[in-house]
Amino acid sequence: SERCECAECHGLLSLAWGGSYGVEGYVLMCTQDREHTGLVERESLTQAHRRGAALPVVMAQQIDKRGALAVGEPGRLAPILAARFPQLEKVNHGAVVLFAMQCLSMGLDPLLGEVFPIPFKNIKTNQYVVVPLISEQGCGSLAARACPEAWNGPPSAERVTDPGFKEDLCGDPEAWMWSATGRRKDWEPGREFTTYGWVTHNQQQKAKADGTPAGELPGNQARVRAVKRWFMEAYPEASSQLRASRQALVEQAQGIPEALEVIDAEFRVVEERPALKDQVQAGGPRQVHMASDAQIRHITSLAKERGIGEEELRQLAGSEHLEDLTLPEASEFIDKLKAE
C-alpha cells in the first residue's frame, strides 16, 4: 500500500477484508472514502529521476551511483548482479554478462528495480540463459523516456468484477482481472485508453507448480500485466527497444521450452500492438492505432448485455466491421455504450 494511492483522491490505502465486496481475501481500500475505486502508483524519487523528472543535482547523482547504468561495462556489471540476485549464484559468468548487455541495450536498470533476472538451464548443454523480467516501473521508464513530451504518469488500475466480461475476455468467469486506464498529454481532452490484464485459474495453477509469482499472487500479477500492457500500447514508441531484445533472447533460449514460454509471455505485448492505419486529418495524414482485440471483445460484451443486435451495433458504431474502428474511436464507442 505504500507504493500506491487512491486513484480518485490520492489518499492513503489500507488493507481491509474483502468479504463484503465479494472477495475472499484482503483488498486495498481508500482511507478517505471506501466508495472510491482504483489505485495508482505513488512515484518514488528514483522512478521520477529514471523517467526524466528534474531533481536536485546531488539527489540525481546519488540515485545514479546506486544504479547499474553507472557501471556501464557488462563485464564489470556481471559480478555485481551475481552478488545482488541470489538466483544468479550458480549461473555461468557468460550468461550473466549477456543479461547485463540486454539490460543496458534496453536502458533498464536491474539495480533500481526496473528489471529482474530469471535463469533457466539447458540440460543438454549445461548452459544457462537469463531472461529479463521487466517490472511495471521498468515499463514506465521506457515509456517516459521514449515520449517525454507525451508522458502523463502511470495509469490508474481497478479490479474487474463482472464475470460475464471476464469470460468474454479470457474464457474464465472467475479469473483475476484488472483494468488500467490513463491518457497521454498529447491526446485531445477527455480521451482515455484502457487495457486489461488477467490470470486464469489454469494459469495460476501452472504458475504455482512452476514457482512463479502468479501462483501465489495472481491478483497482483493481473494488475501488473494490465499496467505493463497499458504502458506499451499507449506509448508504442517505447516497444521498439524490446523487439530487438526479444529476438536475441529467443535465439539464446533455443532448447529451453520453459524459457521460451516466459519470453513469449513477457514480450507478447510487443508483438500484439494494434495495427496502424493512415488517417487523413486537417494538416496532413497521421498514423493511428486500430482497435485492439480486447476493445472489440469489450464492445461485443457490452452490446450483448444491452440487447443490441448486430445490425444496430454496426449502425451505432458507424462501421460495417468493428475491426475497422481506430483505437480512439473504439474507446469513444465503449464509453458511449456504457452510458446507454
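Residue numbers (the working numbering): 66 to 405.
By construction, the Cβ of each residue, glycine as well, lies at the ideal position given by its N, Cα and C atoms.
The structure presented is a predicted model; accordingly, all values stated were derived computationally and were not measured.
Are residue i and residue j close, meaning C-beta to C-beta below 8 Å?
i       : j       : result
Leu-120 : Cys-69  : no
Leu-282 : Tyr-261 : no
Val-180 : Ser-200 : yes
Trp-263 : Ala-240 : yes
Leu-367 : Lys-403 : yes
Pro-93  : Leu-78  : In the sequence under discussion, the amino acid at residue 93 is Leu, which differs from the Pro named in the question. Yes, they are a contact pair.
Ala-147 : Val-162 : no
Arg-116 : Gly-205 : yes
Leu-176 : Pro-139 : no
Ile-145 : Val-136 : yes
Just reading off the beta strand (DSSP E) that residue i is part of, what are its end residues?
i       : result
Trp-243 : 241 to 247
Ile-183 : 180 to 187
Val-264 : 258 to 264
Glu-70  : 69 to 71
With a threshold of 7 Å on Cβ separation, who are the neighbours of residue i within its own chain once the five nearest residues in sequence on each side are excluded?
i       : result
Asp-227 : none
Ile-328 : Val-196, Arg-311, Leu-314, Val-315 and Ala-318
Gln-202 : Gln-112, Gly-178 and Glu-179
Ala-211 : Tyr-300, Glu-302 and Ala-303
Ser-109 : none
Phe-398 : Ile-364, Ala-382 and Leu-390
Ile-321 : Phe-185, Asn-187 and Val-194
Phe-150 : Pro-182
Glu-385 : Arg-379
Cys-74  : Cys-95, Gln-97, Asp-98 and His-101
Glu-106 : Arg-68, Cys-69 and Pro-219
His-158 : Ala-143
Which residues in the same chain as residue i place their Cβ atom closer than 8 Å to its Cβ, once the five residues preceding and following it in sequence are excluded?
i       : result
Gly-217 : Rather than Gly, the amino acid found at residue 217 in this sequence is Asn. Only Gly-247, Arg-248, Arg-249 and Lys-250 meet the Cβ criterion.
Ala-113 : Leu-120
Glu-408 : What is shown of the chain runs 66 to 405, which leaves residue 408 out entirely.
Glu-214 : Lys-250 and Asp-251
Pro-238 : Pro-228, Gly-229, Lys-231 and Glu-232
Leu-198 : Val-180, Phe-181, Pro-182, Ile-183, Val-327 and Glu-331
Ala-160 : Pro-184, Gln-192, Tyr-193, Val-194 and Val-195
Ser-396 : Arg-256, Glu-257, Phe-258, Thr-259 and Gln-360
Lys-189 : Gly-320
Glu-154 : Ala-147
Met-166 : Pro-139
Ser-236 : Per the sequence shown, the amino acid found at residue 236 is Gly instead of Ser. Only Thr-265 meet the Cβ criterion.
Gly-284 : Gly-90, Arg-224, Trp-241, Trp-243 and Val-264
Gln-270 : Gly-280
Please name the residue or residues paired with residue i in a DSSP beta bridge.
i       : result
Ser-221 : Val-105 and Thr-246
Met-94  : Ser-79
Check for me: the alpha helix (DSSP H) holding residue i runs from which residue to which?
i       : result
Glu-298 : 283 to 299
Gln-192 : From DSSP, Gln-192 is part of no alpha helix (DSSP H) but of the beta strand (DSSP E) over 192 to 199.
Gly-140 : 139 to 149
Thr-111 : 110 to 115
Cys-235 : 228 to 235
Asp-129 : 122 to 131
Glu-377 : 375 to 382
His-158 : 158 to 171
For residue i, which residues from the same chain have a beta carbon less than 6 Å from its beta carbon, with the 5 sequence-adjacent residues on both sides left out?
i       : result
Ala-245 : Pro-220, Ala-222, Thr-260, Ala-291, Val-292 and Trp-295
Ala-359 : Tyr-261
Ala-125 : His-114
Arg-288 : Ala-222 and Trp-243
Leu-325 : Ala-318
Ala-272 : Ala-279 and Gly-280
Ala-208 : Phe-296, Tyr-300 and Ala-303
Gln-152 : Pro-184
Gln-286 : Val-264, Pro-278 and Ala-279
Cys-71  : Cys-95 and His-101
Glu-405 : Arg-371
Asp-400 : none
Glu-323 : Phe-185
Taking only beta-carbon positions, decide if residue i is within less than 8 Å of chain B.
i       : result
Ala-395 : Reference to chain B is not applicable here, since this structure consists of a single protein chain.
| query | Counting pairs of Cβ atoms below 8 Å between the segment 124 to 135 and the segment 93 to 104, do you hit three or more? | reply | Not touching, per the Cβ criterion.
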